[in-house]
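Everything in the sequence shown is counted per the UniProt record's numbering, starting at 1 for the first residue and increasing by one. Positions of the beta carbon are idealized from the N, C-alpha and C atoms, including for glycine. Below is one structure, written out as structure tokens; the observations come after it.
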Amino acid sequence: QLHKETLKKQTEKLEVKTILIKEKVKEFQFVDRYTELTIISNVRQWELGSASRFSTGTSAVVSGVAGIGKTIMVQKIVHDWATGKIYPHFHFVFIFKFRDLNSLNCRITLNRLIVEHYPYLRDVLNELWKHPESLLFIFDGLDEFSTRIDFADSRRDTEPQRRCTDPEFLCTLSDIVYSLIQKRLLPGCSVLVTSRPTALQLLAKVQVSVWAEILGFVGEERKEYFHKFFEDQEVSAAVYSHVEENELLLTMCFNPSYCWILALSLGPFFTRKQSNKLRVPKTVTQLFSYYIYNILTHHSVKMESPRDVMLKIGEMAFTGISQRNIVFNEEDLIKYDLQPSQFLSGFLVELVERDSSEHSVVYTFPHLTIQEFVAALAQFLSQNPGNLRKLLNKAHREEDGRFEIFLRFVAGLSSPRAAQPLEEFLGPFVHQTTCAVIDWLKEKVKSQIRDTHTVTGKRKLLNTLHYLFESQNQALAQLTLGSVHTLTFGDFSPEKALRLTPIDCVVVAQAIGLCDTIKQLDLRYCYIQDEGLQRLVPVLHKSDQRENGMTLQVGTVVDTVIAVTHHNPALGDWGVNG
């Protein structure tokens, strides 16, 4: 009961950052602000409280793109368990965030790990371990773990120093996580892991009972989010109406973190009762630029050189991404000539949160995506672009996805539309950098368009299309995509296909619109859902205007395509395979 009360207290509040000087953080009751997320497993909706889906002895993996709500989902699970709403068969739930575990560099036992987080359990651990079937371990954010866990590495099972089969065995943290998931340690316990899709290949060799994916907000959940975000319902209605009028903004709102940034950025504008003729962001990069612009508007007057500070914090952010580090200490700040005293004034406090504990003071970005944006921004502020092309090539070659969003932002910031509002406070971007990024984009799209035989190849192709979309450089897009014959994201095997989000479909739609020679679009097992398909509809109808039309391979969504064709005569006649 003490454990439940503790977890209830830890999860009953939800902090929401603002960009106002007087009111940096607002605190709400979690149940009052939580908006339901749509989660699917095996292409069926997965309910958080479904005991049949998440029973004793289960290993479950829940994936989702950046900002889709993985950590909030975990908070919801823990809160609902602590209040007796779900999972009565679990007597104890233990929650760990990989971003917090990164600070544990020494060897440790499971016992000590538990006691550090839940000291009141010190004297009862031996009793707990006697009933592993009543235990649920939750590890949030595998992609944020600085140590790569190779679950295909069989040496962990043979080398004595790495065989973690006892809660009192001294080993690395990665060995503990590996052993729990692989049922070597406390066999019979249940484990839930969350991750961005980019780290899922690490779990490919694991016997996972439930694979689930968070799709985010679907339909009315978006409106509900804005309704709950604003206390003034007039402002809420005005902001949502503005979002609803723009198809791309509405599409972005499948992602809760984009909803958050839109609400933060647009809320003050409508609060001031001004005309709502606002320049609407057309890309995710422009959305984040507008977010930073709002922070600079409120706070930069207190800084001697906002550009200098932003460059330093961006360099630190980039090093963090390179080293899979999202938690920084005062030594990191000093290394980049960022003084802790700067947090008392200016905009730095809005970009990096200060967290004090009895052991140390650490600093983190409000969200990993913001760290990735600031890291990208720094590339355009440095007066010495130097080896930027080499840096971009190295980042693109990484297959663990750590630079995926960073590169999208780099491409996006080469667009004058994204750069302009930030240049008002930070000064002009370095022209050589913009040119180097455009040249790199041209090279990458041309080379990647031919490599779609593997999941990695398909993902890199999709990413290069995201780069083009974020750059909003139509001449470049037509130059690189004008002679493409095939776009392949699907496969006859679900394991070799990509799941496409609504934003992905917007990006693919732009590519199709610029491909005058395309003959085949492969979306088999891409599970694009109704909204994704609607984003593709405006360009699919062009097929009947081409000499031999275009073949669409869709696999499991054929019924949806037929239904949409019925309601959209403009689609014309289709030859549908799969």
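Same chain, Cβ closer than 7 Å to residue i, five either side skipped, listed in chain order
{"i": "residue 383", "result": "430"}
{"i": "residue 243", "result": "249, 250, 253, 262"}
{"i": "residue 546", "result": "Because residue 546 carries a pLDDT of 44, less than 50, the predicted location of this residue cannot be relied on, and no value is offered for it."}
{"i": "residue 75", "result": "11, 30"}
Pairwise C-alpha distance: residue j and residue i
{"i": "residue 527", "j": "residue 151", "result": "27 Å"}
{"i": "residue 34", "j": "residue 408", "result": "29 Å"}
{"i": "residue 68", "j": "residue 226", "result": "16 Å"}
{"i": "residue 353", "j": "residue 496", "result": "39 Å"}
{"i": "residue 390", "j": "residue 120", "result": "51 Å"}
{"i": "residue 365", "j": "residue 147", "result": "20 Å"}
{"i": "residue 14", "j": "residue 553", "result": "44 Å"}
{"i": "residue 459", "j": "residue 190", "result": "31 Å"}
{"i": "residue 566", "j": "residue 104", "result": "Unreliable placement is indicated for residue 566, whose pLDDT of 35 sits below 50; the coordinate value is still reported in the next sentence. Going by the C-alpha atoms only, they are around 58 Å apart."}
{"i": "residue 401", "j": "residue 376", "result": "15 Å"}
{"i": "residue 9", "j": "residue 84", "result": "14 Å"}
{"i": "residue 153", "j": "residue 239", "result": "50 Å"}
{"i": "residue 137", "j": "residue 373", "result": "32 Å"}
{"i": "residue 163", "j": "residue 126", "result": "20 Å"}
{"i": "residue 285", "j": "residue 410", "result": "9 Å"}
{"i": "residue 414", "j": "residue 439", "result": "11 Å"}
{"i": "residue 463", "j": "residue 265", "result": "26 Å"}
{"i": "residue 170", "j": "residue 111", "result": "10 Å"}
{"i": "residue 52", "j": "residue 291", "result": "At residue 52, the pLDDT of 45 sits below 50, so the modelled position is not reliable; the number obtained from the coordinates is stated separately. Rounded to whole angstroms, residue 52 to residue 291 spans 42 Å at the Cα level."}
{"i": "residue 206", "j": "residue 247", "result": "40 Å"}
{"i": "residue 421", "j": "residue 293", "result": "6 Å"}
{"i": "residue 232", "j": "residue 27", "result": "16 Å"}
{"i": "residue 511", "j": "residue 504", "result": "11 Å"}
{"i": "residue 304", "j": "residue 313", "result": "15 Å"}
Beta-carbon gap between residue i and residue j smaller than 8 Å
{"i": "residue 475", "j": "residue 514", "result": "no"}
{"i": "residue 322", "j": "residue 412", "result": "no"}
{"i": "residue 523", "j": "residue 489", "result": "yes"}
{"i": "residue 63", "j": "residue 197", "result": "yes"}
{"i": "residue 388", "j": "residue 144", "result": "no"}
{"i": "residue 379", "j": "residue 326", "result": "no"}
{"i": "residue 176", "j": "residue 128", "result": "no"}
{"i": "residue 533", "j": "residue 487", "result": "no"}
{"i": "residue 418", "j": "residue 289", "result": "yes"}
{"i": "residue 37", "j": "residue 216", "result": "yes"}
{"i": "residue 405", "j": "residue 256", "result": "no"}
{"i": "residue 508", "j": "residue 468", "result": "no"}
{"i": "residue 311", "j": "residue 381", "result": "yes"}
{"i": "residue 426", "j": "residue 306", "result": "yes"}
{"i": "residue 135", "j": "residue 185", "result": "no"}
One or two residues paired with residue i in a DSSP bridge
{"i": "residue 354", "result": "363"}
{"i": "residue 171", "result": "108"}
{"i": "residue 283", "result": "The partner list for residue 283 (beta bridge, DSSP) is empty, contrary to what the question assumes."}
{"i": "residue 325", "result": "DSSP, once it has assigned bridges, lists no residue as partnering residue 325."}
{"i": "residue 97", "result": "140"}
{"i": "residue 92", "result": "135"}
{"i": "residue 194", "result": "62"}
Residue i - DSSP class collapsed to helix/strand/coil
{"i": "residue 213", "result": "strand"}
{"i": "residue 127", "result": "helix"}
{"i": "residue 183", "result": "coil"}
{"i": "residue 27", "result": "strand"}
{"i": "residue 60", "result": "strand"}
{"i": "residue 374", "result": "helix"}
{"i": "residue 205", "result": "coil"}
{"i": "residue 13", "result": "strand"}
{"i": "residue 556", "result": "Any reading at residue 556 must be qualified, since the residue scores a pLDDT of 46, below 50, and its modelled position is unreliable; no value is offered."}
{"i": "residue 226", "result": "helix"}
{"i": "residue 34", "result": "coil"}
{"i": "residue 165", "result": "coil"}
{"i": "residue 505", "result": "helix"}
Residues near residue i in its chain [Cβ-Cβ closer than 8 Å; skip 5 each side]
{"i": "residue 482", "result": "514, 515, 516, 517"}
{"i": "residue 5", "result": "82"}
{"i": "residue 493", "result": "525"}
{"i": "residue 446", "result": "480"}
{"i": "residue 173", "result": "101, 104, 108, 113, 147"}
{"i": "residue 2", "result": "120"}
{"i": "residue 131", "result": "91"}
{"i": "residue 236", "result": "226, 227, 229, 230"}
Proximal residues to residue i (C-beta, below 6 Å), its chain only, five neighbours per side dropped
{"i": "residue 193", "result": "61, 139, 142"}
{"i": "residue 122", "result": "115"}
{"i": "residue 452", "result": "458, 461, 488"}
{"i": "residue 222", "result": "253"}
{"i": "residue 180", "result": "137, 191"}
Short CB-CB distance (under 8 Å) between residue i and chain C
{"i": "residue 229", "result": "The structure shown contains no chain C; it is built from a single protein chain."}
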